[in-house]
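Here the protein sequences come in this chain order: A and B.
Going by our numbering, the first sequence opens with residue 15, and the numbers climb by one from there.
Going by our numbering, the second sequence opens with residue 301, and the numbers climb by one from there.
The next block holds one structure in the form of structure tokens; read it before the comments.
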Amino acid sequence: MTLRSFNWPHAIACLLVAVTAVLLSFGALVTTYEAAMAVPDWPGTYGHNMFLFPLGQWLHGPWDLFLEHGHRLLGAATGVVTLVLVAVAWRGQAAPAVRWLAVAAVGLVVVQGLLGGARVLLDDKTVAKVHACTGPLFFAVAVAIATATRPQAATSARRISAEPPSPRVIVASTAAAGLVIASYLQLVAGAQLRHMDATVDPFTFRWLVGVHVAGAAIVAAVAFVLAWANASAPAATRGWSWLIAGLIVAQVLLGCGAWVASWGLPSGLLPADWQPARAVVARSTTGALVVTGHVLLGMAILGSSVVLWIIGGGLAARGDVGRLPGDAETQRAFA
Amino acid sequence: MSPPPVLAPAPAAIPSAALPVNAESLAVPRGFAACWAAGSQLVRPRIALMVLATVWAAAWITAGADRLPAGTIGWLLVGTALVAASSSIANQIVERDTDRLMPRTARRPIASGRLGVESAAAATAVLLAAGLAIQTRACGWPPAAAAFATWLLYVVVYTPLKRRTPLNTAVGAVAGALPVAIGWLAADGPERLSAGDVAGTLAVAALATVLYLWQFPHFMAIAWLYRRQYAAAGLRMLTVDDPSGLRAAAQSLAAALAMIPVSLVLAVPSGSVRLFLAAAIAAVAYAVATVGFAIRRDDASARILLFTSLGSLLALLTAAVVLGTPA
Numbered sequence: 015m016t017l018r019s020f021n022w023p024h025a026i027a028c029l030l031v032a033v034t035a036v037l038l039s040f041g042a043l044v045t046t047y048e049a050a051m052a053v054p055d056w057p058g059t060y061g062h063n064m065f066l067f068p069l070g071q072w073l074h075g076p077w078d079l080f081l082e083h084g085h086r087l088l089g090a091a092t093g094v095v096t097l098v099l100v101a102v103a104w105r106g107q108a109a110p111a112v113r114w115l116a117v118a119a120v121g122l123v124v125v126q127g128l129l130g131g132a133r134v135l136l137d138d139k140t141v142a143k144v145h146a147c148t149g150p151l152f153f154a155v156a157v158a159i160a161t162a163t164r165p166q167a168a169t170s171a172r173r174i175s176a177e178p179p180s181p182r183v184i185v186a187s188t189a190a191a192g193l194v195i196a197s198y199l200q201l202v203a204g205a206q207l208r209h210m211d212a213t214v215d216p217f218t219f220r221w222l223v224g225v226h227v228a229g230a231a232i233v234a235a236v237a238f239v240l241a242w243a244n245a246s247a248p249a250a251t252r253g254w255s256w257l258i259a260g261l262i263v264a265q266v267l268l269g270c271g272a273w274v275a276s277w278g279l280p281s282g283l284l285p286a287d288w289q290p291a292r293a294v295v296a297r298s299t300t301g302a303l304v305v306t307g308h309v310l311l312g313m314a315i316l317g318s319s320v321v322l323w324i325i326g327g328g329l330a331a332r333g334d335v336g337r338l339p340g341d342a343e344t345q346r347a348f349a
Numbered sequence: 301m302s303p304p305p306v307l308a309p310a311p312a313a314i315p316s317a318a319l320p321v322n323a324e325s326l327a328v329p330r331g332f333a334a335c336w337a338a339g340s341q342l343v344r345p346r347i348a349l350m351v352l353a354t355v356w357a358a359a360w361i362t363a364g365a366d367r368l369p370a371g372t373i374g375w376l377l378v379g380t381a382l383v384a385a386s387s388s389i390a391n392q393i394v395e396r397d398t399d400r401l402m403p404r405t406a407r408r409p410i411a412s413g414r415l416g417v418e419s420a421a422a423a424t425a426v427l428l429a430a431g432l433a434i435q436t437r438a439c440g441w442p443p444a445a446a447a448f449a450t451w452l453l454y455v456v457v458y459t460p461l462k463r464r465t466p467l468n469t470a471v472g473a474v475a476g477a478l479p480v481a482i483g484w485l486a487a488d489g490p491e492r493l494s495a496g497d498v499a500g501t502l503a504v505a506a507l508a509t510v511l512y513l514w515q516f517p518h519f520m521a522i523a524w525l526y527r528r529q530y531a532a533a534g535l536r537m538l539t540v541d542d543p544s545g546l547r548a549a550a551q552s553l554a555a556a557l558a559m560i561p562v563s564l565v566l567a568v569p570s571g572s573v574r575l576f577l578a579a580a581i582a583a584v585a586y587a588v589a590t591v592g593f594a595i596r597r598d599d600a601s602a603r604i605l606l607f608t609s610l611g612s613l614l615a616l617l618t619a620a621v622v623l624g625t626p627a
């Protein structure tokens, strides 16, 4: 393998997934510890250029400052990696879908950075919610690029496209797409609860909790349909299906833990002495880990769903080979 | 489930003379209904309605709790409708030769010769002048200037660009998003911004961005469905330059994904949880339809995308106005 033949888009996309995972972890902790306003100015940090803020003050300063400033630095690093990815994708021989997904990633990372700044400058909870929903979307796009650029993609596209899909494959393909959507919408609903305004009325709160719990049931049901539909699929597809099913079981347990950590043991839908201001804060270390873990596991489920959707043939199972001109181009569309 | 339909082996390049327009199909009907139909073809009321809805929603969101007087907003919409009608006629004057080559547009009044170019040009000028005058009278010159800029971009830049480059959609989408500026300016957006109302302007900027991004999947679906007609007319749509549809699908996918977070920003001024969730569902539904088109790239998925695009935009605008209204 030479430097020129090395699969740079895949390597950089994997790096992007890794950096984004760390970034999202910091972001989730920022929300858990309500540290978003620990640095009240933007794009600078306490009057310094963000990149020139004294290292000692960052590493040995307050925990909230460590989280928020670290989140910003990681955001900047993610932006740089995304720009490198789009440059490599457009300079090389990447497929159109990969190129445009990379463009979408650049758009998303810019929007996300601006949202982060607006969240601080406006001190607005709704902007924080949008910020919280854009992060997982960006992560999903990064995972999609990494999966679509993997070396095995070309051969699997050819293999899958060569034969018409069976009903079970169609169920699996549809369920995989459905799981991506449902798990993302669960993160959207979860973001509403995480960034709940203290003035929200109890009816809205109960309604949101109901939506989130019902969404969990839907995600679990779709995941197990997917595991059933992929029972006789290739090993990798089967493995990802069962991994997701396992993650969802863990997620339900963590969700119960997050409920207790945030609102106490349920008596009825809510504790009788529930106060909205208490609703989203987990102060103890264990509680913080449980609540943050619930968010991160949700993102892991989303990312895994994207991987499964693509490797299971979601983008190629109904491929157009033999149906349109330019088969070679079609085959490398997502390869 | 039956396999997807097999397209005719086509085309590294779609044959440009493949679609002769049947002269019989151009027979001119007479009577009131025919006049009404001709008028509709000329001013394209559905597109004008979409523009009016956009202007109204932008003004509504900008004004927030301070309602604009009904008379002001009414005259603004009348003026906007006239400018939109003018731009539609001007567009048909410029495109009359290519319109004749496509069955979809060959029956339009100017292309079919039922309306002379001179008369159409006069109507364009009168409608434009009247529309701008009414807007200026009702809301001052800034909204009228924005309307005129939209007219120029659509008629003078976008329309000729359709024959030159597939990038025309990126330019035309700006013209599609500019009506938001009309509503924003009419509702004193700049003054509100300088007075510190950042959130309202943020939501309006989000609405403009949503409209810009929304147009990519929407127009790519249309460009796919009518790709052979566009090719016959020599229009450089992306689906003509790349008949596999891959580039159109990829651009649509990128725009639909980027539209999700931008749609959520619509909920910022009100902080409404319901608007947030409604925007998320509408934008994700649109993204799903776009993914479906990206995967299949056939007429059925393009039609689904087209209908979903209209439904999701309607849902977004309705939710922004109904759920995003401050108490």
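A virtual CB, placed ideally from N, CA and C, is assigned to each residue, including glycine.
| Asked | Found |
| --- | --- |
| For A/Thr-59, the residue or residues it bridges with in DSSP | A/His-62 |
| B/Gln-392: first and last residue of the uninterrupted alpha helix (DSSP H) it sits in | 370-394 |
| Three-state secondary structure assigned by DSSP to A/Tyr-47 | coil |
| is_contact[A/Pro-54, chain C] using C-beta, thresh 8 angstroms | The structure shown has no chain C; the protein chains it does contain are A and B. |
| B/Ala-615 to B/Leu-623 span [Cα, whole Å] | 11 angstroms |
| Below-8 angstroms beta-carbon distance, A/Gln-9 vs any chain B residue | The question about residue 9 of chain A has no answer, for chain A in this structure spans 15 to 349. |
| DSSP-derived helix/strand/coil call for A/His-209 | coil |
| C-beta atoms of A/Ala-116 and A/Leu-99 nearer than 8 angstroms | yes |
| Beta carbon proximity, A/Gln-206 to chain B, threshold 8 angstroms | yes |
| Residues of its chain near B/Gln-529, where Cβ-Cβ distance is below 7 angstroms and the 5 sequence neighbours each way are ignored | Leu-319, Met-402, Pro-403, Arg-404 |
| Minimum Cβ-Cβ distance from A/Ile-232 to chain B less than 8 angstroms | no |
| Alpha-carbon spacing of A/Ala-203 relative to A/Pro-216, whole angstroms | 16 angstroms |
| Stretch-stretch touch, CB-based, cutoff 8 angstroms, three pairs: the stretch 147-165 of chain A with the stretch 595-602 of chain B | no |
| Per-residue contacts from A/Val-155 into chain B (C-beta, under 8 angstroms) | Leu-557 |
| Alpha-carbon spacing of B/Ile-482 relative to B/Val-455, whole angstroms | 17 angstroms |
| Extent of the continuous alpha helix (DSSP H) to which A/Thr-92 belongs | 77-105 |
| C-beta neighbour in chain B for A/Val-125, strict 8 angstroms | yes |
| Contacting residues, own chain, Cβ-Cβ under 6 angstroms from B/Gln-515 (five flanking each side not counted) | Ala-473, Gly-476 |
| Nearest-angstrom Cβ-Cβ length linking B/Ile-560 and B/Val-584, presumed shorter than 8 angstroms | 6 angstroms |
| Enclosing alpha helix (DSSP H) for B/Thr-590 [first to last residue] | 573-596 |
| B/Ala-385 to B/Trp-524 span [Cα, whole Å] | 26 angstroms |
| A/Gly-229 vs A/Ala-259 beta-carbon contact at 8 angstroms | no |
| Same chain only: Cβ atoms within 8 angstroms of A/Gln-289, ignoring 5 sequence neighbours per side | In this prediction, A/Gln-289 has a pLDDT of 49, which is less than 50 and means its spatial position is unreliable; nothing more can be read from the coordinates. |
| 7 angstroms CB neighbourhood of B/Val-540 in its chain, flanking five on each side removed | Ile-314, Arg-527, Tyr-530, Ala-531 |
| B/Asp-497 in three-state terms, based on DSSP | coil |
| Three or more C-beta pairs below 8 angstroms linking the stretch 414-427 of chain B and the stretch 388-398 of chain B | yes |
| Integer-rounded CB distance, given that A/Leu-38 should sit under 8 angstroms from A/Met-313 | 6 angstroms |
| Buried versus exposed, by CB contacts within 10 Å (16 or more), B/Glu-491 | exposed |
| Cutoff 8 angstroms: B/Gly-431 Cβ touching any chain A Cβ | no |
| Alpha helix (DSSP H) segment containing A/Gly-229, residue limits | 216-243 |
| Per-residue DSSP class, three states only, for B/Thr-618 | helix |
| Where the stretch 496-525 of chain B meets chain A: residues whose CB sits under 8 angstroms from a CB there | Val-498, Ala-499, Leu-502 |
| Cβ-based burial, A/His-85 [other Cβ within 10 Å; buried from 16] | buried |
| C-beta neighbour in chain A for B/Gly-331, strict 8 angstroms | no |
| Status (buried if at least 16 other CB within 10 Å, exposed otherwise) for B/Val-426 | exposed |
| Residues in the stretch 541-574 of chain B having any Cβ partner in chain A nearer than 7 angstroms | Pro-543, Ser-544, Leu-546, Arg-547, Ala-550, Gln-551, Leu-553, Ala-554, Leu-557, Ala-558, Ile-560, Pro-561, Val-562, Leu-564, Val-565, Ala-567, Val-568, Gly-571, Val-573 |
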